[in-house]
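Protein chains in written order, with our numbering: chain F, -17 to 329; chain P, -17 to 329; chain X, -17 to 329. Beta carbons: idealized from backbone N, C-alpha and C, even for Gly. Given the structure is predicted, the values throughout are model-derived calculations rather than measurements. Just below is one structure, and these are the notes that go with it.
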Amino acid sequence: MEWKASEIAALVKGTVEGDPNVIVTEPSKIEESKPGSITFLANAKYEHYLYESQASIALVSKDFLPEKALSMTLIRVDQVYPALQQLLEVYQQQHTVPDGVDPGAHLHPGAVLDPSVSVGPGTIIQEGAQIGARTIIHGQVFIGRQVMIGEDSIIYPGVRVYHDCKIGSGCIIHANAVIGSDGFGFAPDGQGKYQKIQQIGNVILEDQVEIGANTVIDRATMGSTRIATGCKLDNLIQIAHNVEIGPHTVIAAQTGIAGSTKIGAYCQIGGQVGIVGHIRIADRVRIQAQSGIAASIEEPGSAWYGSPAIPYRDYLKSYAIFRKLPELFKRLISLENELQSTEELSE
Amino acid sequence: MEWKASEIAALVKGTVEGDPNVIVTEPSKIEESKPGSITFLANAKYEHYLYESQASIALVSKDFLPEKALSMTLIRVDQVYPALQQLLEVYQQQHTVPDGVDPGAHLHPGAVLDPSVSVGPGTIIQEGAQIGARTIIHGQVFIGRQVMIGEDSIIYPGVRVYHDCKIGSGCIIHANAVIGSDGFGFAPDGQGKYQKIQQIGNVILEDQVEIGANTVIDRATMGSTRIATGCKLDNLIQIAHNVEIGPHTVIAAQTGIAGSTKIGAYCQIGGQVGIVGHIRIADRVRIQAQSGIAASIEEPGSAWYGSPAIPYRDYLKSYAIFRKLPELFKRLISLENELQSTEELSE
Amino acid sequence: MEWKASEIAALVKGTVEGDPNVIVTEPSKIEESKPGSITFLANAKYEHYLYESQASIALVSKDFLPEKALSMTLIRVDQVYPALQQLLEVYQQQHTVPDGVDPGAHLHPGAVLDPSVSVGPGTIIQEGAQIGARTIIHGQVFIGRQVMIGEDSIIYPGVRVYHDCKIGSGCIIHANAVIGSDGFGFAPDGQGKYQKIQQIGNVILEDQVEIGANTVIDRATMGSTRIATGCKLDNLIQIAHNVEIGPHTVIAAQTGIAGSTKIGAYCQIGGQVGIVGHIRIADRVRIQAQSGIAASIEEPGSAWYGSPAIPYRDYLKSYAIFRKLPELFKRLISLENELQSTEELSE
Chain F
-17 MEWKASEIAA
-7 LVKGTVEGDP
3 NVIVTEPSKI
13 EESKPGSITF
23 LANAKYEHYL
33 YESQASIALV
43 SKDFLPEKAL
53 SMTLIRVDQV
63 YPALQQLLEV
73 YQQQHTVPDG
83 VDPGAHLHPG
93 AVLDPSVSVG
103 PGTIIQEGAQ
113 IGARTIIHGQ
123 VFIGRQVMIG
133 EDSIIYPGVR
143 VYHDCKIGSG
153 CIIHANAVIG
163 SDGFGFAPDG
173 QGKYQKIQQI
183 GNVILEDQVE
193 IGANTVIDRA
203 TMGSTRIATG
213 CKLDNLIQIA
223 HNVEIGPHTV
233 IAAQTGIAGS
243 TKIGAYCQIG
253 GQVGIVGHIR
263 IADRVRIQAQ
273 SGIAASIEEP
283 GSAWYGSPAI
293 PYRDYLKSYA
303 IFRKLPELFK
313 RLISLENELQ
323 STEELSE
Chain P
-17 MEWKASEIAA
-7 LVKGTVEGDP
3 NVIVTEPSKI
13 EESKPGSITF
23 LANAKYEHYL
33 YESQASIALV
43 SKDFLPEKAL
53 SMTLIRVDQV
63 YPALQQLLEV
73 YQQQHTVPDG
83 VDPGAHLHPG
93 AVLDPSVSVG
103 PGTIIQEGAQ
113 IGARTIIHGQ
123 VFIGRQVMIG
133 EDSIIYPGVR
143 VYHDCKIGSG
153 CIIHANAVIG
163 SDGFGFAPDG
173 QGKYQKIQQI
183 GNVILEDQVE
193 IGANTVIDRA
203 TMGSTRIATG
213 CKLDNLIQIA
223 HNVEIGPHTV
233 IAAQTGIAGS
243 TKIGAYCQIG
253 GQVGIVGHIR
263 IADRVRIQAQ
273 SGIAASIEEP
283 GSAWYGSPAI
293 PYRDYLKSYA
303 IFRKLPELFK
313 RLISLENELQ
323 STEELSE
Chain X
-17 MEWKASEIAA
-7 LVKGTVEGDP
3 NVIVTEPSKI
13 EESKPGSITF
23 LANAKYEHYL
33 YESQASIALV
43 SKDFLPEKAL
53 SMTLIRVDQV
63 YPALQQLLEV
73 YQQQHTVPDG
83 VDPGAHLHPG
93 AVLDPSVSVG
103 PGTIIQEGAQ
113 IGARTIIHGQ
123 VFIGRQVMIG
133 EDSIIYPGVR
143 VYHDCKIGSG
153 CIIHANAVIG
163 SDGFGFAPDG
173 QGKYQKIQQI
183 GNVILEDQVE
193 IGANTVIDRA
203 TMGSTRIATG
213 CKLDNLIQIA
223 HNVEIGPHTV
233 IAAQTGIAGS
243 TKIGAYCQIG
253 GQVGIVGHIR
263 IADRVRIQAQ
273 SGIAASIEEP
283 GSAWYGSPAI
293 PYRDYLKSYA
303 IFRKLPELFK
313 RLISLENELQ
323 STEELSE
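Structure follows, in structure tokens:
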């Protein structure tokens, strides 16, 4: 992809200072920028890198005053960071699959795709599935019966969406994620064996949800496992059957949430957290990485740590003493001895 | 799928009370049931929902006496829960892949499939593989050389079974699970580098085993990694080379078991548990979520918690004091001070 | 695969004692060896198994003196273990995909493959990708645009390599691993919602890197997520954007490393470890399974344990007291009572 400085300036509503015809092919970090790339200065503390940079173009603030001479073309904008994101979004769009449905895809005639949908080779779309406008489904994806996907979503290779699940608009699902596998439900038969409980619900991802690679979201036993609008889930996360997660909650990698738990809105959950089943977490709760949540959290905005988790500050205080436990134990023994002698003395 | 009340009653050996010709298309939870669905009342505490329910049919006990008028058709059965499961099993069977082998599958002529086997598009079945009667292999599955799969098993899209592994009858393997990848075995070369140790064993899943989505079971270095009859493994679990798990043990999501460890029968292992290699766990042992098991557990039926894990009750007691450590430390200091003054007094 | 004793002896530079024409088809463990297999004696403590073994050939040391009569053919070598590995490598090579590019693969005409490359059915190789000599790409793999892969690497079914990533020579990537998915980067919009930060960097795996099944390595926001030469990563591991791992570091299953952290060379990291973002870990550091690393580790070769982790021995000492906390607390209370009485006495 070749970009002229003047084209970039038009895109981000900036002004060119230098050669408007210089061409770049990729973005670059300010500390590693090569000729033919466009870099950016969003944070003043990295300014010194700019004077050594070999980038052909730099995106800078309209107020930026260089302290030394600069050889590259500058594009000045009101706010560097949003302009950069705008640029990168266009840059990323070149990595989509080709327009249209690849002849190597396996589409059931009873699936309904908007004409603007892209589908890569090897993808299976089963009977009754419906896919909305401009959604991109890469190759090697499985879309089961009656699955509904909204508009402008991107489904990466190897994603499996089991039958009856619903995915909203503007969603991104990364490679090898699984949506709608059976919940882990078995009835003990009284002799230590287990009978499978049929899992006939589904999974609903609302709009603007992003799901990381190899994350698994199980279908509900009945009803729906639901991930609300704007949630962002990292890689290798486990969401069990009938879990519900409120809007705009973010969850870091390798966290697991057990069955039927309800998480509030705007929560921040760290990596490798475990949350037991059948509890409620209030809105805006923050949970430290590796914590284990064993009971409902009622207080909105509270912070938690430990396994089982206790209030964040309490855990840090207790853990500070935990580190001193051998010393503390010695002091206790020494007290016992002293008291013993004191008593003997007073006898 | 359309069902008449009279057909359902025949299936579950129940009696119809109301219109035997009313038609439903899906099951529903009692608190969310819509017209055209069949709901159920298995637990008396949910009875109040039934009076507001819009379901067209309700499955109820033969002894159920409604306190208010009910508009829907009732089907009365001896035991509601088993009848419901029977119904749901039939309901689920509509979500299988089409009968027969899809022309888009890649079958080696040297693979042996029972004529009743179903295979979806994009699936690879390599030389020497053998697949038993009525087994369903969805699309996009990989079955390596000499793999043997029994009867009535279901393999979901994206499952990879490496060469020489054996899967029993009545097994279910969920999407993107990996069976038989190389064990993590490397010999240090004395200078800090590692030489791969060839992993030439296999994985054996006995009968009625269920494996969750994105779970990985590594092949043995030599011999077999073995998961015995009736085991149920949740999603994103790691089973290392040469592990053996006894019959009817259940393991929750994201747990990892290191190499050569032997787990007993009827154990219950929580989520995110870690178990070190080369140890033995007795039968019927229960391990709390997030625990770390660092040594063999000899006592059958014992319960464990913590990292490294200690007996469950002991962990809870110690953790209760852990929470009070800052206070305990203050009390220790205050004792030291008091004793100091007492000694000064007595001097 | 049929092997004569004389052929095996030629391969491992050993001498035959017994019938040089006896044929074996597979290796076996000494305690389970069957007729038609070749077993080995590398460790004297297993010698007693050899006298009961039914193996047709045994690989033994040139100095081995049997205490009892042995019926099988012996192959004597200088060092048993390296000879065994050499044998197993040849044995394993029969499990590769067929030579050449399967007609069921989806290759872009703008991809450049060495003529010796093997590609299985259903694999997608996009525009601009380059694959080096003798590399084996199984079926159902996704290789995105501009991906570069070196020589003699093996990519198992279901691996997804996103655009622009680089994989070295001699690498092995196991089934369903994901290389180059988007880093987990979102900018809060000030009202609790999140805006995606475009992830335009890549992932670089250097040479001789092995990646386990279902492991995920995210692409950098800009620049590269880098795994250096000789690193071995187990299954279900999470490596976040812009992480860098030094040469010959090994990481056990289910560990997660957060964004921009730099790990040294020759480190040993246990399973289910969590490491926070933006820190540095020195060379040769060892981290116990399930630990949480919350701050940089400066001291090379140090060992760590706990969450948050402290020096390994300190954790064990503190945890030993943790187990005694209920007793310790009782002794504290009893001291308080005694001191109380002592004071009362002295009043």
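Worksheet entry | Chain-ordered residues of the region 310 to 328 of chain P with a beta carbon less than 8 Å from chain X | L310, R313, L314, L317, E320, L321, T324, L327 and S328
Worksheet entry | Assigned secondary structure, X/R201 (DSSP; H/G/I helix, E/B strand, else coil) | Here residue 201 of chain X corresponds to residue number 219 of the third sequence, with the count starting at 1. The answer is coil: DSSP assigns X/R201 none of H, G, I, E or B.
Worksheet item: Do the region 195 to 211 of chain F and the region 121 to 136 of chain X meet, that is, are 3 or more Cβ pairs less than 8 Å apart?
Response: no
Item to complete: From the DSSP output, in three-state form, read off P/Q250 for me.
Response: Mapped onto the second sequence, residue 250 of chain P falls at position 268. In this structure, P/Q250 counts as strand in the three-state DSSP scheme.
Worksheet item: If you measure beta-carbon to beta-carbon, which residues of the region 210 to 230 of chain P are closer than 8 Å to chain X?
Response: L218, Q220 and A222
Worksheet entry | Where X/K27 falls: helix, strand or coil (DSSP) | Working through the third sequence from its first residue, we reach residue 27 of chain X at position 45. Three-state result, X/K27: helix.
Item to complete: Could you please give the first and the last residue of the uninterrupted beta strand (DSSP E) stretch that includes X/V185?
Response: In the third sequence, residue 185 of chain X corresponds to position 203, counting from 1. Start and end: N184 to L187.
Worksheet item: What span of residues does the alpha helix (DSSP H) with P/Q177 cover, start to end?
Response: Here residue 177 of chain P refers to the residue found at position 195 when the second sequence is read from its first residue. Looking at the DSSP string, P/Q177 is not in any alpha helix (DSSP H); the run it does join, the beta strand (DSSP E), is Y176 to K178.
Worksheet item: Out of F/A24, F/S273 and F/A240, which has the shortest C-alpha to C-alpha gap to F/I227?
Response: To locate residue 227 of chain F, count along the first sequence from 1; it is residue 245. For F/I227, the nearest C-alpha among the options comes from F/A240.
Practice prompt. Check whether the Cβ of P/Q68 lies closer than 7 Å to any Cβ atom in chain F.
Written response: Counting from 1 along the second sequence, the entry for residue 68 of chain P is found at position 86. No, because no Cβ of chain F sits closer than 7 Å to the Cβ of P/Q68.
Fill in: Proximal residues, the region 88 to 101 of chain F versus chain P, C-beta separation under 8 Å
H88
Worksheet item: Counting only beta-carbon atoms, is P/N196 nearer than 7 Å to chain F?
Response: The count along the second sequence starts at 1 and reaches residue 196 of chain P at position 214. So, interface residue.
Worksheet item: Name the DSSP bridge partner or partners of F/I118?
Response: What you label residue 118 of chain F is simply residue 136 of the first sequence in a count that begins at 1. Bridge partners of F/I118: F/S100 and F/I136.
Fill in: X/N224 versus P/L70: straight-line alpha-carbon distance, rounded
Sequence index remark: in the third sequence, residue 224 of chain X carries index 242 (1-based). Sequence index remark: in the second sequence, residue 70 of chain P carries index 88 (1-based). X/N224 and P/L70: Cα-Cα distance of roughly 47 Å.
Worksheet item: Can you pull the DSSP bridge partners for P/S19?
Response: Walking along the second sequence from the start, residue 19 of chain P turns up at place 37. Its beta-bridge partners are P/E8.
Fill in: Range of the contiguous alpha helix (DSSP H) that encloses P/F304
Here the question's residue 304 of chain P lines up with position 322 in the second sequence. Run containing P/F304: Y294 to R305, per the alpha helix (DSSP H) assignment.
Worksheet entry | Within the region 54 to 98 of chain P, ranges of the alpha helix (DSSP H) (whole runs, at least 4 residues) | 62 to 74
Discussion item. Tell me the residue span of the alpha helix (DSSP H) that contains P/E14.
Written reply: Residue numbering aside, residue 14 of chain P sits at position 32 when the second sequence is read from its first letter. Taken as a continuous stretch (DSSP letters only), P/E14 belongs to no alpha helix (DSSP H), as it is neither H nor E.
Discussion item. F/P290 and X/I303 - do their beta-carbons sit closer together than 7 Å?
Written reply: On the third sequence, residue 303 of chain X is found 321 positions in, with the first residue counted as 1. On the first sequence, residue 290 of chain F is found 308 positions in, with the first residue counted as 1. Not in contact: X/I303 and F/P290 (Cβ atoms no closer than 7 Å).
Fill in: Near-chain P residues of the region 248 to 279 of chain X (beta-carbon distance less than 7 Å), N- to C-terminal order
Y248, G253, Q254, A271 and Q272
Discussion item. Strictly by DSSP, which residues pair up with X/I106?
Written reply: In the third sequence, the residue the question calls residue 106 of chain X occupies position 124. DSSP, once it has assigned bridges, lists X/H88 and X/F124 as partnering X/I106.
Fill in: Best match in P/Q254, P/A24 and P/A37 for proximity to P/V62 [C-alpha to C-alpha]
Mapped onto the second sequence, residue 62 of chain P falls at position 80. Nearest of P/Q254, P/A24 and P/A37 to P/V62, Cα basis: P/A24.
Worksheet item: Rounded to the nearest angstrom, how far is the Cβ of P/A159 from that of P/V141, given a contact under 8 Å?
Response: Position 177 of the second sequence holds residue 159 of chain P. Position 159 of the second sequence holds residue 141 of chain P. Rounded, the Cβ-Cβ distance is 5 Å, consistent with contact.
Worksheet item: Beta-carbon separation of P/Q20 and P/V6 under 7 Å?
Response: Taking the first residue of the second sequence as position 1, residue 20 of chain P is located at position 38. Taking the first residue of the second sequence as position 1, residue 6 of chain P is located at position 24. Going by the sequence as given, residue 20 of chain P is Ile instead of Gln. Closer than 7 Å, so yes.
Practice prompt. Determine contact between the region 111 to 118 of chain X and the region 114 to 124 of chain F, defined as no fewer than three beta-carbon pairs at a distance below 8 Å.
Written response: no
Item to complete: Determine the direct distance from the alpha carbon of P/G162 to that of P/I182, and round the result to whole angstroms.
Response: The residue you call residue 182 of chain P lines up with position 200 of the second sequence. The residue you call residue 162 of chain P lines up with position 180 of the second sequence. Distance between the alpha carbons of P/I182 and P/G162 is about 10 Å.
Worksheet item: Going along the chain, which residues of the region 234 to 245 of chain F sit with their C-beta nearer than 8 Å to a C-beta in chain C?
Response: Absent from the structure: chain C. Protein chains present are F, P and X.
Item to complete: Measuring alpha carbon to alpha carbon, tell me which of F/V59, F/S38, F/G104 and F/P64 ends up nearest F/K52.
Response: By one-based count along the first sequence, residue 52 of chain F stands at place 70. Per the sequence presented here, residue 52 of chain F reads as Leu, with Lys not at that position. The candidate whose alpha carbon is nearest that of F/L52 is F/S38.
Discussion item. Does the CB of F/P139 have a neighbour CB from chain X at under 7 Å?
Written reply: Mapped onto the first sequence, residue 139 of chain F falls at position 157. Closer than 7 Å to some Cβ of chain X, the Cβ of F/P139 qualifies, so yes.
Fill in: Neighbourhood of X/H90 by C-beta distance below 7 Å, restricted to the same chain and skipping five residues each side
As a first step, residue 90 of chain X must be located in the third sequence, where it is residue number 108. Closer than 7 Å at the Cβ level, and outside the excluded window around X/H90, lie I107, Q108 and E109.
Item to complete: Give the interface partners of F/D296 over in chain P, defined as CB-CB distance under 9 Å, in chain order.
Response: Looking up residue 296 of chain F in the first sequence gives position 314. What F/D296 touches in chain P: R305 and P308.
Fill in: Neighbouring residues, chain P, relative to F/Y287 (Cβ below 8 Å)
Here residue 287 of chain F refers to the residue found at position 305 of the first sequence. Neighbours of F/Y287 on chain P: none; closest Cβ ~12 Å, over 8 Å.
Discussion item. Just to confirm my understanding: we take F/E13, look at its own chain, exclude 5 residues before and 5 after, and list those with CB closer than 6 Å. What are they?
Written reply: Taking the first residue of the first sequence as position 1, residue 13 of chain F is located at position 31. Closer than 6 Å at Cβ, skipping near neighbours: Y31.
Worksheet item: Using a C-beta cutoff of 7 Å, does P/I292 count as contacting chain X?
Response: Taking the first residue of the second sequence as 1, we reach residue 292 of chain P at position 310. Judged by the 7 Å Cβ criterion, P/I292 is in contact with chain X.
Discussion item. Any beta carbon from chain F within less than 7 Å of P/P17's own beta carbon?
Written reply: Along the second sequence, read from residue 1 onward, the residue named residue 17 of chain P stands at position 35. Judged by the 7 Å Cβ criterion, P/P17 is not in contact with chain F.
Worksheet item: Using a Cβ cut-off of 7 Å, which residues of the region 144 to 171 of chain F contact any Cβ in chain X, in chain order?
Response: H156, A157 and N158
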